Amino acid sequence: QKEVEQNSGPLSVPEGAIASLNCTYSDRGSQSFFWYRQYSGKSPELIMSIYSNGDKEDGRFTAQLNKASQYVSLLIRDSQPSDSATYLCAVAGGTSYGKLTFGQGTILTVHP
Amino acid sequence: DVKVTQSSRYLVKRTGEKVFLECVQDMDHENMFWYRQDPGLGLRLIYFSYDVKMKEKGDIPEGYSVSREKKERFSLILESASTNQTSMYLCASSPRGRKATQPQHFGDGTRLSIL
């Protein structure tokens with residue numbers, strides 16, 4: 019059974035702090051990794067894609083991938099109250115017809 | 064930008080009705096997906112399609128069927144709606160990746176209530 023696991027939280031951080039969200043996966047053949055943000059009552063929105071080991075930065079967001087340890091993380095620098103949302107980790111193998119396996123999501127709350 | 068459009072944001076139907084949820088994408092994506100999302104259960108894949116007229120069952124296909132007659136349109140059908148199908152339904156699409164799976168892009172969702 020392919021699994022993607024996330025700490026459901028809630029994770030609470032003060033405004034301006036770094037929020038660190040973690041995700042582990044069980045399928046060693048996984049090749050594509052994505053982070054989505056979902057506001058309450060809204061649909062998931064893609065914020066980061068990462069395919070290679072190491073870090074990928076986009077503005078205040080950094081995705082980190084370690085395939086040997088089978089984890090992917092998302093760092094949000096200078097967290098803002100508008101970052102309060104559920105963050106979904108999604109993982110895919112190489113021949114999956116585009117299917118993604120989603121984690122349950124981590125609820126992040128950024129308090130002023 | 065990718066645009067995935069779901070026909071309704073909110074829908075109320077009665078038990079036993081046949082319900083159609085429509086999804087259209089404008090980016091010529093090969094792959095399309097239908098999920099439902101319920102509190103505490105996360106995103107669950109109902110059906111997906113990787114080409115016109117092709118369909119594959121996801122994790123929870125019972126009580127649902129799909130149709131993909133054109134590349135841009137993927138329809139979800141509740142054959143005989145039941146109250147346990149009250150949920151948020153999400154459509155997504157993605158291009159066929161040459162070397163790696165590409166991300167999915169979601170529509171706004173349809174909140175379906177079955178009374």
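So the sequence lines, in the order shown, correspond to chains A and B. Heads up, the first sequence is in our numbering, so the first residue is 19 and it goes up one at a time. Heads up, the second sequence is in our numbering, so the first residue is 64 and it goes up one at a time. Ideal Cβ placement from N, Cα and C applies to all residues, glycine included. Predicted model, so just to flag it, every value in this text is computed and none were measured.
Which residue's Cα is closest to the Cα of residue i: the options?
{"i": "Ser38 of chain A", "options": "A:Trp53, A:Tyr57, A:Leu118", "result": "A:Trp53"}
{"i": "Ser100 of chain A", "options": "A:Pro62, A:Gly72, A:Tyr57", "result": "A:Tyr57"}
{"i": "Glu93 of chain B", "options": "B:Leu178, B:Leu141, B:Arg159, B:Ser145", "result": "B:Arg159"}
{"i": "Pro32 of chain A", "options": "A:Ala108, A:Glu63, A:Ala110, A:Arg95", "result": "A:Arg95"}
{"i": "Pro130 of chain A", "options": "A:Gln24, A:Gly34, A:Leu29", "result": "A:Gly34"}
{"i": "Phe79 of chain A", "options": "A:Asn71, A:Gly116, A:Leu93, A:Leu29", "result": "A:Leu93"}
{"i": "Gly72 of chain A", "options": "A:Val128, A:Tyr89, A:Phe120, A:Ile65", "result": "A:Tyr89"}
{"i": "Lys60 of chain A", "options": "A:Gly116, A:Ser102, A:Tyr115, A:Val128", "result": "A:Ser102"}
{"i": "Asn147 of chain B", "options": "B:Glu125, B:Asp114, B:Arg72", "result": "B:Glu125"}
{"i": "Asn84 of chain A", "options": "A:Gly47, A:Glu63, A:Phe120", "result": "A:Gly47"}
{"i": "Tyr113 of chain B", "options": "A:Val128, A:Gly116, A:Ile125, A:Leu126", "result": "A:Gly116"}
{"i": "Met95 of chain B", "options": "B:Pro166, B:Gln165, B:Phe137, B:Ala163", "result": "B:Phe137"}
{"i": "Glu135 of chain B", "options": "B:Phe83, B:Asp91, B:Asp64", "result": "B:Asp91"}
Please list the terminal residues of the continuous beta strand (DSSP E) segment that includes residue i.
{"i": "Ser176 of chain B", "result": "173 to 177"}
{"i": "Asp101 of chain B", "result": "94 to 101"}
{"i": "Gln167 of chain B", "result": "Segment: none, Gln167 of chain B is in no beta strand (DSSP E) and carries neither H nor E."}
{"i": "Arg136 of chain B", "result": "136 to 141"}
{"i": "Asn84 of chain A", "result": "79 to 84"}
{"i": "Lys76 of chain B", "result": "73 to 76"}
{"i": "Leu104 of chain B", "result": "Looking at the DSSP string, Leu104 of chain B is not in any beta strand (DSSP E), and its letter there is neither H nor E."}
{"i": "Leu29 of chain A", "result": "29 to 32"}
By Cβ distance, which residues of its chain are closer than 6 Å to residue i, with the 5 residues on each side in sequence left out?
{"i": "Ser70 of chain B", "result": "Glu85"}
{"i": "Lys74 of chain A", "result": "Ile68, Ala81"}
{"i": "Leu118 of chain A", "result": "Ala108, Ala110"}
{"i": "Leu106 of chain B", "result": "Tyr98, Gln100"}
{"i": "Asn40 of chain A", "result": "Ser91"}
{"i": "Thr127 of chain A", "result": "Pro28, Ser30, Ser102"}
{"i": "Ile125 of chain A", "result": "Gly27, Pro28, Thr104"}
{"i": "Ile123 of chain B", "result": "Arg107, Ile109"}
Here's a check: name, in chain order, each residue in its chain whose Cβ is nearer than 8 Å to the Cβ of residue i, leaving out the five neighbours to either side.
{"i": "Lys116 of chain B", "result": "Arg131, Glu132"}
{"i": "Lys81 of chain B", "result": "Ile140, Leu141, Glu142, Ser143, Ala144"}
Just the C-alpha distance for residue i and residue j, rounded to the nearest angstrom, thanks.
{"i": "Thr42 of chain A", "j": "Gly27 of chain A", "result": "15 Å"}
{"i": "Ser143 of chain B", "j": "Gly121 of chain B", "result": "19 Å"}
{"i": "Asp89 of chain B", "j": "Lys66 of chain B", "result": "6 Å"}
{"i": "Lys118 of chain B", "j": "Ala155 of chain B", "result": "14 Å"}
{"i": "Tyr127 of chain B", "j": "Arg161 of chain B", "result": "30 Å"}
{"i": "Phe34 of chain B", "j": "Gly77 of chain A", "result": "Because residue 34 of chain B is not part of the residues shown, which for chain B are 64 to 178, the question remains open."}
{"i": "Met151 of chain B", "j": "Val22 of chain A", "result": "22 Å"}
{"i": "Gln49 of chain A", "j": "Tyr105 of chain A", "result": "20 Å"}
{"i": "Ile177 of chain B", "j": "Leu104 of chain B", "result": "19 Å"}
{"i": "Leu74 of chain B", "j": "Asp45 of chain A", "result": "37 Å"}
{"i": "His168 of chain B", "j": "Ala86 of chain A", "result": "28 Å"}
{"i": "Pro62 of chain A", "j": "Phe120 of chain A", "result": "11 Å"}
{"i": "Val87 of chain B", "j": "Ser70 of chain A", "result": "32 Å"}
{"i": "Pro102 of chain B", "j": "Leu108 of chain B", "result": "15 Å"}
Does the distance from the C-beta atom of residue i to that of residue j stay below 8 Å?
{"i": "Gln24 of chain A", "j": "Gln122 of chain A", "result": "yes"}
{"i": "Thr68 of chain B", "j": "Gly170 of chain B", "result": "yes"}
{"i": "Arg174 of chain B", "j": "Arg72 of chain B", "result": "yes"}
Just to confirm, does residue i get its C-beta within under 7 Å of one of the non-hydrogen atoms of the ligand NAP?
{"i": "Ser44 of chain A", "result": "The ligand NAP is not part of the structure shown, which contains no ligands of any sort."}
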